[in-house]
Each structure stands twice: as structure tokens, then as C-alpha cells.
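Undergrad: Below: one structure in C-alpha cells.
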Amino acid sequence: MTISRQPPEWAPHQAVWIGFPSHAELWEDDFDQARAEVTAFARAVDDGGHGEQVILVAADDASAEVARKLAGARIEIVKAPFGDIWLRDTGPIIVADPEGFGARDFLFNGWGGKYVLDHDDMVGARLADTRGLATKPCPWIFEGGAIDVDGTGLGVTTEQCLLNPNRNPNMTRGDVEWRLHEDLGVSRLLWLGDGLVNDHTDGHVDNLARFIGENRLLVPVSAGPDDPNTNVYVDAARRAAAFGLDVLPMPSPGLVARDGQIVPASYMNFFIGNTTVVMPTYEGAGHEEVAIEVLSEAFPGRTVVGIPADAILTGGGSFHCISQQIPAA
């Protein structure tokens, strides 16, 4: 029997959906800057027409018009009502089916009930329909940022998120593994422990550990004694090595705070496009030049760029969190 499987992010893309900030009340003073950062991200992935098709998703007509003015003629704009821009979690996950490609549409409860917004539980099916993709409903709560895959059936996630009782309280570890196998073709699953401090997603793995090749996992290393995630990084690297993975180090941005609060800033929230890898940068963070060098060595056929993402981070995530790729045939 042929297994439906989620391709790795570095496999060729037909297009990518990117959420465009559409609700001023959610962003307050950061609204315009968040829109500018999202547009810069979209332009980098488009890469002057050499990258994949970029689709900015706006929640309403007024936001779609702004997106058109900011993005330029090459970037497609679609309107699909959503609560907020985090399409990695609310959008459909595209898998390679025996007949081609199909969409997987999971249940969504606002990251354990923290941020329940209108339309976030429906935008996945709506976006899949705009591409004519057959959609399989997956009747359990799951977010795309909670997993990363290498395309061979190997996946990585965190216990903090997928075993959290605020998601699927009646599901065991074995139940989660079975569902991931059935829905995304994951046959081997590395369980990491906790995610980053103050990550409202309850530890999404795309802020902590990312595959950069088959069986090759990138994990941050502590930036120093004040790095709030030192123990998280050490534990993740230990578990990955014990699992038999090739573990490579990635610099941490270190302690990043806004208004006296630690925020989950991470260089790991990069997006791997067809021609460009886009890594978020943050004001006051360190080691971004080294992080770009690491990604350049990991993806020698692509250009790696760092783009500021401070305003997007006020909403809780970065470039990977607001994007969802559509694999190419």
C-alpha cells in the first residue's frame, strides 16, 4: 500500500500561502510594520520571479487592496476570512497522495483555547478549495507548526504541545503517533520535551528544531548564561542524538525581551523557499550573521537572507508560522 506523506519543506514548491495582517485590533501599534515585514518576506520568496508563486492571503477586501499595493504585480492576492495570519497552524497541510496531492484539514482550537478567533477553524478547507485540492478532514486538534519532517517518514515534535491536555485530552502518545502516521505518513517520530519559554503555542517544534536534510536536525545552542532556553536546547540535542540523528548546531538569538517580558525569538523559524531561505532577525539579538552562515552551508543552492520580524513577533511567531507551502508535482 502506498502511504500518503508530507514532503519536506526543501522539496520543490508550486506556491506558498502567506498570511497578510488584516485585523488592526490584534496588532495595535505594530499593524503597519507587521504588514511591511510580511511584504518583505513575500518579495524575498518571490525572488524577482525566480522563486515560487507567492499567494498573500488577506481576510477581507480592504486588506486585500492594501496587499496588492504593497506586494506588486507578480504576487497573487486571495481573500479568505481568517482570525489571524498563522497559516502554518490553520492552513491545510499538503501531502503526496497516490493520485497526486491532497490536503489535510485538522481541527483547531486556538492553541489550547488561548486565542479562539472567528474563521481560523475554517480557513484550511477554504484555501485548499481555491487550489482544487481534495481535502481529507482529520478529526483531531493539530497545528502544522507542531511538526517538522524530512520526507522519509521521520518527524519531530514536542511533548509539551502534542501531549498537552488542552489539545486532545483523551489521546495517548501512541494515539498521536498513529494519527500522524495515518494523516501525514510519519512512521518514526522523535519526541522532544519542552519548547521555548513563553511560547503561547505550547512549544511548537518549528521554533526549536528543524530538519535540513534526511536524518539531519538543526538544534540551537545557548547564547550564554542569560539565555532563557539553555536547558531546552541541551535536552533537545541530547534526545535527537540518542535517537540516532545527525545533530547540527544553530546559534540562538539569546535573551530577547519586549516590555520586560521574555519573547520566543528564534532563528529556527525560517522558511525554505525554492530559491531563497528567509530567516527572521530581531532588534537586540545576537549571532544572526553566524546563523545565516549555518543556513547557507545547509542549503548551498539557495540564497539565505535575514529580514527583520520584530513586529510579527509581537503576535507570537515569525515567517515559518505565517506560511504554508504547496508542493510541486
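By this note's numbering, the letter at position 147 of the sequence shown is numbered 1528, and the numbering carries on one by one without gaps.
Each residue gets a CB set at the ideal place from its N, CA and C atoms; glycine is no exception.
Owing to the predicted nature of the structure, the values given are computational and were not obtained by experimental measurement.
Roughly how many angstroms separate the alpha carbons of V1711 and A1621, rounded to a whole number?
TA: With the chain running from 1382 to 1710 in the structure shown, residue 1711 is simply not present.
Undergrad: Measuring alpha carbon to alpha carbon, tell me which of L1694, C1702, T1656 ends up nearest A1425.
TA: The candidate whose alpha carbon is nearest that of A1425 is T1656.
Undergrad: Going by other Cβ atoms of all chains shown within 10 Å of its Cβ, with 16 needed for buried, is A1710 buried or exposed?
TA: Exposed: under 16 other Cβ atoms inside 10 Å.
Undergrad: Using the C-alpha atoms, what's the distance from S1704 back to G1453?
TA: If you take the alpha carbons of G1453 and S1704, they lie about 19 Å apart.
Undergrad: One question on the structure: do S1603 and V1615 come within less than 9 Å of each other, judged by their Cβ atoms?
TA: Contact: yes.
Undergrad: Inspect the CB distances between the segment 1675 to 1692 and the segment 1458 to 1468 and report whether three or more fall short of 8 Å.
TA: The segment 1675 to 1692 vs the segment 1458 to 1468: no contact.
Undergrad: DSSP state of H1585, grouped into three classes?
TA: If DSSP states are grouped into helix, strand and coil, H1585 belongs with coil.
Undergrad: In the DSSP assignment, the beta strand (DSSP E) including F1624 goes from what residue to what residue?
TA: Unbroken run through F1624: none, as it is neither H nor E.
Undergrad: Taking the alpha carbon of A1392 as the reference point, which residue from D1640, F1592, H1562 has its own alpha carbon closest?
TA: Of D1640, F1592, H1562, the residue nearest in Cα terms is F1592.
Undergrad: Can you tell me the Cβ-Cβ gap for P1661 and S1699, rounded? I've got them flagged as a contact below 8 Å.
TA: Contact flag correct, Cβ pair sits at about 4 Å.
Undergrad: Please classify I1693: does DSSP put it in a helix, a strand, or coil?
TA: I1693 falls in the helix class under three-state DSSP.
Undergrad: On the three-state DSSP scale, how would you describe L1561?
TA: L1561: helix per DSSP, three-state reduction.
Undergrad: Candidates T1582, V1628, T1533: which alpha carbon is nearest R1386's?
TA: Taking only the C-alpha atoms, the option nearest R1386 is T1533.
Undergrad: Using only alpha-carbon positions, find the residue among F1523, W1521, P1606, P1473 that is nearest to A1515.
TA: It is P1473 whose Cα lies nearest to the Cα of A1515.
Undergrad: Where does I1456 fall in DSSP's three states?
TA: Correct three-state label for I1456: coil.
Undergrad: How many angstroms separate the CA atom of P1518 from the CA atom of I1475?
TA: Each residue's alpha carbon lies about 12 Å from the other.
Undergrad: Measuring only the C-alpha atoms, how far is W1398 from M1631?
TA: One C-alpha to the other measures close to 26 Å.
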